[in-house]
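Participant: If you scroll down you'll find the structure; I have some questions about it.
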Amino acid sequence: MSRVGRNINVSFERLRHLGHRQDRPRRIASDAGTCPKCDSHYSADEMRRNMRVCPACGHHFAVTARERLEQLGEPGGYTELWPELRAADPLQFTDLKPYVERIRDAESSTGMGEAIVCAELEIRHVPCVAAIMDFSFMGGSMGAVVGEKFARACEYAAQKGVPFVVLSSSGGARMQEGTLALMQMAKTVIALDALADARVPVVVILAHPTTGGVWASFASLGDVTYAEPGALIAFSGPRVIEETTREVLPSDFGRAERQLANGQVDAVVDRRELAARIGRVLAILAPPPGQAAQSGGSLQWAQDAAGGVGRAAQSFPEAARKAINKILPSGGDDTEGGE
Amino acid sequence: MSKPDGPGFVRRVTGKLGRTSEPQVDEDLWASIQLARHAERPYTLDYINRICSDFEEMHGDRLFGDDPAMVAGFGRFNGRPVAIVGQQKGRDTNERTYRNFGMASPEGYRKSMRVMEIANRLGIPVITLIDTPGAFPGASAEERGQGGAISRSMQLMWRLDVPVVAVVIGEGSSGGALGLGIADKVLMLENSTYSVISPEGASAILWRDASQAKKAAQAFKPTAANCYRWGVADAVVPEPPGGAHTDYDQAAEILGQYLERTLAELEGLTPAERRTARRDRFRRLGPLRDPENGMAMVSGRDTPPPG
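Structural data, given as structure tokens:
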């Protein structure tokens, strides 16, 4: 390589050409390498030190889930939760390659068991539970394991009374698990309510890309929602929209900055400031440690909540229904109120 | 980009070679999927007008506009008040455009949420009729928060205290369908489908070739009978011989009977019992391997649907 031996990694020439290169498609880049925006070159070590952000132009490279945890957490590290769960193949699915083979390849190339890593850690001294997605594992797609780990993480955070931090980076539901993958959207949305009930905050960080069924489920339900610069955030990707509606989309369609203007996220946060930013907002929102665990009990939350709702509902809505039956001509049977 | 050598090339070639030995497409399955999207198939309003003695349609989300792709309102079903929402497709070209092919925008989901909130406050059961190729993929819909509209619709449906029944009456594809799908009981008409994506969409993405829809359908097997086996559907509603499009009245009558039975069953439970069951129903969907338990977690059933 001719670039070896240069001691500055961005030339004036390259910076001058920056403006012309905006339209190049963003790649999910590998470990070491060249910035797709400004062509600056970095060693693997530099990439890690810079949190995989190009110091010259601010381009955000993809980060694996475990490296994310290192970036966000304290030096003390993190405890990974349920790393043993693995995908099944309920449909015996084969497209161009059997699904089992795809999983095996993804496992060996990423060293991960699935597209999400859940962990217990401290972000700027605030204890929390995190669920971090990894795009490198089958496009971060959400199958049964991602749904299950996410749901368990919600319940675990609720039980401990600590905040929940989600980082999404996913193409959406995992097609190879078919309809059952779609159902994970429902599972994750419902699981998030465990946290609402434990009165702990949920912080969602949208990394590139957050699309499809992940954006249309838990990723859009954070109490505080941050996006990384340049992240694509959309239910339908630009290609699908252009093919379906023949619209010509602006080049920044669905990007984090645009979604901020659309009112879909709270802030666009540079990765180098992310941990500090999460720590700050959690310090404000998180319940003080003493009060945290009072919600207690393992899966008690839903029963408690539902019980409370039930008691409230016994009195008022039944009366309301009777009132409506009086107004609208009724079929005459008086069986409502049957508990 | 594609160099003629390297492992990627080998994989593509072996993939292609392997394909020739794949089993033939199941024509029955394809026919059933085509029936789910039959041009003459009864749509949401066809059912509403037959199963409800009165129906008052609501319009607008009070935030942006009204979405004709989503129908929402209150009616009287077998003597009791119900709230009904569902995607609506169009019959002819004009109507199809007006209804946006049954692809709802955020306003549609917000309208349906508005109606469900009223129903919850007044203690009226909710019925959803699902028939959509997906939520509308458009730049305008994205700007107004299509993702958030669907997720909040799911969240609201899970929080409802009243009985909720979802019925897939035709094609239920992607998050656009699931946005109305969080219910105590999910019924599916015999020839309906419930899938993560349409066969055409899947073939374009997974096979990189839009003409492989049959193969995609074969791989997804998104029929009502299979969804029942997976535990995604709780009952399969029979259709008149030849499909629902042959006899609207009979199709609506059978659906009405199933709805009546399901609602009566749900009305016997307390709101707390319904919510716990609703949560557990979705919580256990999705088989996976858990080495600690030594075997796969299996959801769903082994028996075919009754009837």
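Top to bottom, those sequences are chains A and B.
Each residue of the first sequence is one higher than the one before, counting from 0 in numbering that gives the first Met the number 0.
Each residue of the second sequence is one higher than the one before, counting from 0 in numbering that gives the first Met the number 0.
Note that CB positions come from ideal geometry on N, CA and C, so glycine has one too.
Note that this is a predicted model, so its numbers are computed, not measured.
On the DSSP bridge assignment, give the partners of T222/B in chain order.
Facilitator: BP columns for T222/B point to T192/B.
Participant: Since A71/B sits in a beta bridge, which residues does DSSP pair it with?
Facilitator: M57/B, V84/B, per the DSSP bridge assignment.
Participant: Who are the neighbours of G242/B on chain A, taking C-beta pairs under 8 Å?
Facilitator: Near G242/B there are no residues of chain A at all, since even the closest Cβ is about 21 Å away, more than 8 Å.
Participant: Counting only beta-carbon separations shorter than 8 Å, does M184/A have a partner in chain B?
Facilitator: So yes, M184/A belongs to the interface.
Participant: Mind checking which residues open and close the alpha helix (DSSP H) that includes E106/A?
Facilitator: Taken as a continuous stretch (DSSP letters only), the alpha helix (DSSP H) holding E106/A covers 98-109.
Participant: In the stretch 184-212 of chain A, which residues sit with their C-beta less than 8 Å from some C-beta in chain B, listed in chain order?
Facilitator: Residues M184, A185, K186, V188, I189, A190, L191, D192, G211, G212.
Participant: Shorter than 8 Å from the beta carbon of M174/A to some beta carbon of chain B?
Facilitator: Yes, contact with chain B.
Participant: Could you tell me the alpha carbon to alpha carbon distance between T269/B and T275/B, rounded to whole angstroms?
Facilitator: In a straight line, the C-alpha of T269/B is about 10 Å away from that of T275/B.
Participant: Since L80/A is in the alpha helix (DSSP H), which residue starts that stretch and which ends it?
Facilitator: Element bounds for L80/A: not the alpha helix (DSSP H) but the beta strand (DSSP E), 78-80.
Participant: If the criterion is Cβ atoms closer than 8 Å, does the pair A197/A and G160/A meet it?
Facilitator: For A197/A and G160/A, yes; Cβs fall inside 8 Å.
Participant: Can you tell me whether Q258/A is buried or exposed, with buried defined as 16 or more other CB within 10 angstroms of its CB?
Facilitator: That one is buried.
Participant: Is it the case that the Cβ atoms of V236/B and L177/B are separated by a distance below 8 Å?
Facilitator: Against a cut-off of 8 Å, the Cβ pair of L177/B and V236/B comes out as no contact.
Participant: Using DSSP with H/G/I as helix, E/B as strand and the rest coil, what is I149/B?
Facilitator: Residue state, collapsed to three classes: helix.
Participant: Pull up the distance between the alpha-carbon of I123/B and that of I131/A, whole angstroms please.
Facilitator: So the two alpha carbons sit approximately 40 Å from each other.
Participant: Suppose the cutoff is 7 Å on Cβ atoms and the five residues either side in sequence are ignored; what does the same chain contact list for P89/A look like?
Facilitator: Excluding positions up to five away in sequence, the list reads E176, L179.
Participant: From the beta carbon of I240/A, is the nearest beta carbon of chain B less than 8 Å away?
Facilitator: With 8 Å as the cut-off, I240/A counts as an interface residue toward chain B.
Participant: Start and end of the beta strand (DSSP E) containing A206/A?
Facilitator: Its beta strand (DSSP E) spans residues 201-210.
Participant: Under three-state DSSP, which class holds I123/B?
Facilitator: Coil.
Participant: Report buried or exposed for A182/B, applying the criterion of at least 16 other Cβ atoms within 10 angstroms of its Cβ.
Facilitator: Counting Cβ neighbours within 10 Å, A182/B comes out buried, since at least 16 surround it.
Participant: If you follow the beta strand (DSSP E) that P287/A is in, where does it begin and where does it stop?
Facilitator: Run containing P287/A: none; DSSP gives neither H nor E here.
Participant: Quick check: the Cα distance between D25/B and T92/B, rounded to an integer number of angstroms?
Facilitator: If I take the Cα positions, the gap works out to 31 Å.
Participant: For a contact defined as C-beta to C-beta under 7 Å, what are the partners of S379/A on chain B?
Facilitator: Since the displayed chain A opens at 0 and closes at 338, residue 379/A lies outside it and no answer follows.
Participant: Taking just the CA atoms, how far does A71/B sit from V114/B?
Facilitator: Going from the Cα of V114/B to the Cα of A71/B covers about 7 Å.
Participant: Distance check for F252/A and E39/B, CA to CA, integer angstroms please.
Facilitator: Their backbone Cα atoms lie some 37 Å apart in a straight line.
Participant: Given L196/B, which residues of its chain have a CB within under 7 Å of its CB, disregarding the five upstream and five downstream residues?
Facilitator: Per the sequence shown, the amino acid found at residue 196/B is Ile instead of Leu. Excluding sequence neighbours, I196/B sits near S172, S173.
Participant: So, at 6 Å on beta carbons, what are the nonlocal neighbours of P162/A in its own chain, with the 5 sequence-adjacent residues on each side left out?
Facilitator: C127, V199, P200, L281, A285, listed in sequence order.
Participant: With H, G and I counted as helix, E and B as strand and the rest as coil, what does DSSP make of L287/B?
Facilitator: Three-state result, L287/B: strand.
Participant: Just verifying my parser: in three-state terms, what is the DSSP assignment at D27/B?
Facilitator: In this structure, D27/B counts as helix in the three-state DSSP scheme.
Participant: Are the C-beta of R85/A and some C-beta of chain B separated by less than 8 Å?
Facilitator: Judged by the 8 Å Cβ criterion, R85/A is in contact with chain B.
Participant: Quick check on Y97/B: buried or exposed, where buried means 16 or more other Cβ atoms within 10 Å of its Cβ?
Facilitator: Label assigned to Y97/B: exposed.
Participant: Would you identify the three-state DSSP class for D248/B, choosing helix, strand or coil?
Facilitator: Three-state result, D248/B: helix.
Participant: Have a look at A305/A and R273/B and give me their C-alpha separation to the nearest angstrom.
Facilitator: Note that A305/A scores 49 on pLDDT, short of 50, meaning its location in the model is unreliable and no value can be drawn from it.
Participant: Strictly below 8 Å CB to CB, what residues from chain E border E142/B?
Facilitator: Among the chains of the structure shown, chain E does not appear; the protein chains present are A and B.
Participant: Can you find at least 3 beta carbon pairs, one from the stretch 133-144 of chain B and one from the stretch 252-267 of chain B, that sit closer than 8 Å?
Facilitator: Flag = no, the stretch 133-144 of chain B and the stretch 252-267 of chain B do not touch.
Participant: Assess contact between the stretch 52-65 of chain B and the stretch 219-235 of chain B, defined as three or more Cβ pairs (one per stretch) separated by less than 8 Å. Is contact present?
Facilitator: In short, these stretches do not touch, since the Cβ pair count stays below three.
Participant: Output yes if chain B places a C-beta closer than 8 Å to the C-beta of D94/A; else output no.
Facilitator: Yes, its Cβ sits closer than 8 Å to a Cβ of chain B.
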